[in-house]
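Following: one structure in structure tokens, then a few remarks.
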Amino acid sequence: MNNRLKFVLLNAVAISLSLVAIAAKHRSVTPPVMPVVTGPTFSNEVVRIFQANCQTCHHPGDIAPFSLMTYADAKEHAFEIKANTTARIMPPWKPVLSCGQFNAPRVLSAEDIATIAKWVNNGAPEGNRADLPTPIDFSSGWILGDPDLVVGNPKPFTPPNDRDEYRCFSMATNQTTDRYVSAIDVHPGDRSTVHHVIAFIDTTGESAAMDKDGSGYQCFGGPGFAITNFASSTLGGWAPGSRPDKLPDNVGFLLPANSRIVLQVHYHPHDLTTKADQTQIAVYYDKVKPAQTMLMLPLVNQTFTIPPGDANHPVTASFTNTLFNAHVWIIAPHMHLLGKNMSVNATMKDGSNACLINISDWDFNWQGVYRYKEPIALPVGTTVSLLAHYDNSEDNPRNPNFPPKAVSWGEQTTDEMCIAFIGVTLDGASPTASSTVSQMGFK
């Protein structure tokens with residue numbers, strides 16, 4: 110091969126290598142073409158569903174087992190989310206939809222459920238982060254935002270590990286004028302042991318003498334002092350699964366000047382290891398005096414006994430409104446582990462009927478205080494009735510007694526209760542400090 114041919118060949122090889130190098134360099138700096146995402150993404154549709162229906166529980170530090178605040182959170186649990194929303198297990202909402210029109214029901218629409226399913230089926234894509242909405246701020250630790258007052262038991266209390274304990278903690282509000290409360294929120298210190306909490310109002314200061322050092326006092330069956338003020342007896346309570354909700358501007362609970370809040374905390378140990386608890390209550394005040402004061406009425410039966418082996422034992426209760434027209438704003442059913450279902454109905458004097466609430470599948474772990482979208486009128490002569498059923502058979506996986514035994518009303522978790530707390534206002538009537546339930550016409 111002569112020199113001229115060698116030169117031509119070498120030059121051709123060099124040119125070819127240069128072209129390959131240029132092509133490789135071009136490929137290295139040109140970003141890959143991203144596949145077009147069709148269908149719902151986390152950043153656009155899905156996170157907005159979570160914000161509206163899920164994140165009040167599913168954020169760090171709250172009751173849900175995992176957060177749904179970020180894409181990484183949701184991606185990890187995508188198939189679990191699809192399964193539970195499709196089966197309507199989540200979000201939890203126990204009242205039957207055909208009974209009572211409640212404010213902000215935690216119920217996904219068929220469209221929302223289909224959107225989540227399609228998102229998961231498509232591989233749960235993140236989408237464009239520019240589509241993300243402004244995140245909800247839970248930094249205060251309270252769902253309703255910064256409260257006006259936060260109080261709690263000043264000393265940690267460790268409950269006994271071999272029995273239920275009812276402990277009352279008396280806390281000063283340091284309010285020198287009457288205030289009206291639009292909402293409360295309760296944070297149990299140890300959610301695994303706290304069974305429920307009731308916030309009583311002590312207008313006389315009697316509880317302070319029983320809770321001298323802040324460690325509380327035993328208060329089985331009640332707050333340990335006589336409640337004489339019908340207009341100011343309680344601010345409500347907390348049970349597993351309950352979520353706080355603000356009352357309308359024209360309604361509030363009266364918290365009298367110089368009164369104390371007494372938290373009755375029911376501890377129910379599940380094993381031999383119990384933790385120190387410091388439960389807190391957050392209080393939100395009305396900015397102006399509301400036109401009506403909320404009263405809490407107990408619709409209750411305390412005389413029943415559920416026979417062992419009975420899988421569908423009925424228990425009833427009722428009262429009649431005899432003096433004043435009234436309106437129902439909130440309702441909170443309560444049973445224990447044998448509870449199966451509960452319905453509450455109002456029958457007017459003319460025979461018409463209003464369904465107040467129907468929980469067809471009772472779950473002790475998901476209780477709530479339910480506020481109506483619009484208050485329900487209870488004219489004079491209206492009878493409010495309750496019908497509940499209990500399963501005291503061996504087939505009830507929640508039955509705490511094996512073999513089953515007769516169960517009656519009692520404060521222990523292994524006892525039972527049958528009660529619906531009903532929040533009402535009276536039309537044209539203002540209860541006084543000495544008013545009783547029967548004096549106000551509920552018999």
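Okay, so the sequence shown: first residue is 110 according to the working numbering, each after it adds one.
Even for Gly, the Cβ is constructed at its ideal location relative to N, Cα and C.
Compute the distance between the beta-carbons of residue 415 and residue 515, then report whether it is under 8 Å.
-> Judged by their CB atoms, residue 415 and residue 515 are nearer to each other than the 8 Å cut-off.
What's the C-alpha gap between residue 410 and residue 285?
-> Computed Cα separation, rounded: 38 Å.
Kindly provide the ranges of any alpha helix (DSSP H) runs that are 4 or more residues long and lie completely inside the region 218-242, ordered along the chain.
-> Every alpha helix (DSSP H) of 4 residues or more that sits fully in the region 218-242 is shown, in chain order, as 219-230.
Can you have a look at residue 274 and say buried or exposed, based on whether 16 or more other CB atoms are within 10 angstroms of its CB?
-> Residue 274 is buried by the Cβ-count criterion.
Residue 436 and residue 485 closer than 8 Å at C-beta = Their beta carbons are under 8 Å apart, which means residue 436 touches residue 485 by this criterion.
State the start and end residues of the unbroken beta strand (DSSP E) segment that holds residue 452.
-> 448-456 is the extent of the beta strand (DSSP E) around residue 452.
To the nearest angstrom, how far is it from the Cα of residue 252 to the Cα of residue 147?
-> C-alpha separation (whole angstroms): 34 Å.
Starting from residue 553 and walking both ways along the alpha helix (DSSP H), at which residues does that stretch end?
-> With the chain represented from 110 up to 552, any question about residue 553 goes unanswered, as that position is not in the structure.
By Cβ distance below 8 Å, which residues in the same chain neighbour residue 211 in space, the five residues on each side in sequence not counted?
-> Taking C-beta separations shorter than 8 Å and ignoring five residues to either side along the sequence, the partners of residue 211 in its chain run 204, 479, 480, 481, 482, following chain order.
Residue of 215, 187, 206 minimising C-alpha distance to residue 226 = Checked all of 215, 187, 206; the closest Cα to residue 226 is 187.
On the DSSP bridge assignment, give the partners of residue 277 in chain order.
-> Partner residues in the beta bridge of residue 277, as assigned by DSSP, are 326, 373.
Please name the residue in 318, 351, 511, 383 whose C-alpha comes closest to that of residue 271.
-> For the residues 318, 351, 511, 383, the minimum Cα distance to residue 271 belongs to 383.
Ordered list of beta strand (DSSP E) runs contained in the region 182-207, each at least 3 residues = Within the region 182-207, no complete beta strand (DSSP E) run reaches 3 residues.
Could you give the distance in angstroms between the alpha-carbon of residue 426 and the alpha-carbon of residue 258?
-> So the two alpha carbons sit approximately 36 Å from each other.
Using three-state DSSP, classify residue 362 as helix, strand or coil.
-> Residue state, collapsed to three classes: strand.
Same chain, Cβ closer than 7 Å to residue 413, neighbours up to 5 away in sequence not counted | Result list for residue 413: 424, 517, 518, 527, in chain order.
Taking residue 298 and residue 388 to be in contact with their CB atoms under 8 Å, please state how far apart those CB atoms are, rounded to whole angstroms.
-> At roughly 5 Å, the Cβ-Cβ gap stays under 8 Å, so residue 298 and residue 388 are in contact.
Select from 161, 326, 551, 248 the residue whose C-alpha is nearest the C-alpha of residue 431.
-> If we check each option's Cα against that of residue 431, 551 comes out closest.
Based on Cα-Cα distance, which residue from 168, 213, 194, 158 lies nearest to residue 250?
-> Of the listed residues, the one whose Cα sits closest to residue 250 is 168.
Identify, in the order they occur along the chain, each residue of the same chain with its Cβ nearer than 8 Å to the Cβ of residue 503, setting aside the five sequence neighbours on each side.
-> Excluding residues within five positions, the ones whose Cβ falls inside 8 Å are 418, 511, 512, 513.
Using 10 angstroms around the beta-carbon of residue 321, count the other beta-carbons present and answer buried if the total reaches 16, otherwise exposed.
-> Residue 321 is exposed by the Cβ-count criterion.
Going straight from the alpha carbon of residue 179 to that of residue 347, what length do you get?
-> Cα-Cα distance, rounded: 28 Å.
Near residue 267, which residues of its chain fall below 8 Å by C-beta distance, leaving aside the five closest residues on each side in sequence?
-> By the criterion of a C-beta distance shorter than 8 Å, residue 267 is surrounded in its chain by 383, 384, 385, 386, once the five residues flanking it on both sides are discounted.
Mind checking who residue 462 pairs with in its DSSP beta bridge?
-> In the DSSP output, where bridge partners are listed per residue, residue 462 has 456.
Taking Cβ to Cβ, would you say residue 196 is nearer than 8 Å to residue 190?
-> Contact annotation: residue 196 and residue 190 have beta-carbon atoms that are not nearer than 8 Å.
Cβ-based neighbour list, residue 525, same chain, cut-off 6 Å, excluding 5 preceding and 5 following = These residues qualify, in order along the chain: 445, 447, 516.
Are residue 287 and residue 363 closer than 8 Å when you measure CB to CB?
-> Yes, they are a contact pair.
With DSSP collapsed to three states, give me the class of residue 160.
-> Helix, per DSSP.
Under the rule that 16 or more other beta-carbon atoms within 10 Å means buried, what is residue 338, buried or exposed?
-> Counting every other CB atom within 10 Å of its CB across the protein chains shown gives residue 338 a total of 16 or more, marking it as buried.
C-alpha distance - residue 199 paired with residue 279, whole-angstrom precision = The alpha-carbon atoms of residue 199 and residue 279 are separated by roughly 37 Å.
Hey, would you say residue 393 sits closer than 8 Å to residue 239, going by beta carbons?
-> No, the pair does not count as a contact, with Cβ atoms beyond the cut-off.
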